[in-house]
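Asks:
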Amino acid sequence: MEKWCPNYKSCVVIGDFNLYSCNDNIINYFEYFVAFCEFAQKNEVKNSNDRLLDLVLVSSEMDEVHVCIADEVLVLVDQQHPPLAVTVRRCARAVSGPAPPTLPPLTTLPSWDFSKADYHALYSTVAAVDWSTLYRVQEPEEALDCFYAALNDIFNECIPKKRIRKVNSRHSYPR
33 MEKWCPNYKS
43 CVVIGDFNLY
53 SCNDNIINYF
63 EYFVAFCEFA
73 QKNEVKNSND
83 RLLDLVLVSS
93 EMDEVHVCIA
103 DEVLVLVDQQ
113 HPPLAVTVRR
123 CARAVSGPAP
133 PTLPPLTTLP
143 SWDFSKADYH
153 ALYSTVAAVD
163 WSTLYRVQEP
173 EEALDCFYAA
183 LNDIFNECIP
193 KKRIRKVNSR
203 HSYPR
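Numbering of the sequence shown is given in my numbering, commencing with residue 33 and proceeding in unit increments.
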């Protein structure tokens, strides 16, 4: 799921999670998953044991989500899982589909030949970098941009690029 969620701006995940009976590792992973996907839990309908087993997770920017006990049911009601009615109001302009990719296409990414790298220069250059800028940056995305910019500069200086041969390309046609 965590590989899929970042590709969409608006997500709704509904499921039977039963977290109260899980071990700490699973609970920690669930919390990581919710934080990573920037989800908010919207269900407040508790079951007969006063527990939340069924969660309604939505993208943090989706404010207009309403969860309540459903008036009509399709199957017999399980007391552990009361029937839920979930209403999601979306903007008329919203278009469903994947968000634009966050990374450039693979063909535009640098391809370094690490087998021919000058590792002594690489280690020395990394050790000499003034990383204090990273500590002054407030936003995590900015810090990552600074970090990767520094690494890319060092890699470009100390590691030669691979020569890419376009043999057997799917875009090459016989003449």
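For every residue, glycine included, the Cβ atom is placed at its ideal position computed from N, Cα and C.
None of these values were measured; they are calculated from a predicted model.
Ends of the alpha helix (DSSP H) at SER156?
Replies: Residues 151 to 160.
Asks: Helix, strand or coil for PHE49, going by three-state DSSP, please let me know.
Replies: Coil, per DSSP.
Asks: Determine the contact status of PRO99 and VAL118, defining contact as a CB-CB distance below 7 Å.
Replies: Position check: residue 99 holds Val in this sequence, whereas Pro was assumed. Yes, Cβ-Cβ distance for VAL99 and VAL118 is below 7 Å.
Asks: Which residues in the same chain as GLN111 place their Cβ atom closer than 6 Å to its Cβ, once the five residues preceding and following it in sequence are excluded?
Replies: Within the same chain, GLN111 has close Cβ partners SER80.
Asks: Can you name, in chain order, every residue of its own chain whose Cβ lies under 7 Å from the Cβ of LYS78, other than the five neighbours on each side?
Replies: Once the five neighbours on either side are set aside, the close Cβ partners of LYS78 are LEU84.
Asks: Can you give the beta carbon distance from ALA153 to CYS190, rounded, assuming they're within the 8 Å contact cut?
Replies: Sure, about 5 Å apart at Cβ, within 8 Å.
Asks: Report the rounded CA-to-CA distance for PRO114 versus PRO172, giving the unit in angstroms.
Replies: So the alpha carbons of these two residues sit roughly 40 Å apart.
Asks: Given this structure, state the Cα-to-Cα distance separating GLN73 from VAL169, to the nearest angstrom.
Replies: Computed Cα separation, rounded: 30 Å.
Asks: Is it buried or exposed, CYS69, if we count other Cβ atoms within 10 angstroms and call 16 or more buried?
Replies: Buried.
Asks: Identify the continuous alpha helix (DSSP H) that holds VAL66 and give its terminal residues.
Replies: Counting along the chain, the alpha helix (DSSP H) containing VAL66 begins and ends at 56 to 68.
Asks: Shortest alpha-carbon distance to LEU166 belongs to which of TYR151, SER156, ASP150, LEU183?
Replies: LEU166 has its Cα closest to that of LEU183, out of TYR151, SER156, ASP150, LEU183.
Asks: How is ALA102 classed by DSSP in three states: helix, strand or coil?
Replies: Three-state result, ALA102: coil.
Asks: Using 8 Å for Cβ pairs, my map puts LEU116 next to ASP95. What's the rounded Cβ distance?
Replies: So it is not a contact: roughly 19 Å between Cβ atoms.
Asks: Taking the continuous alpha helix (DSSP H) assigned at PHE179, which residues delimit it?
Replies: 172 to 190 is the span of the alpha helix (DSSP H), which, as asked, contains PHE179.
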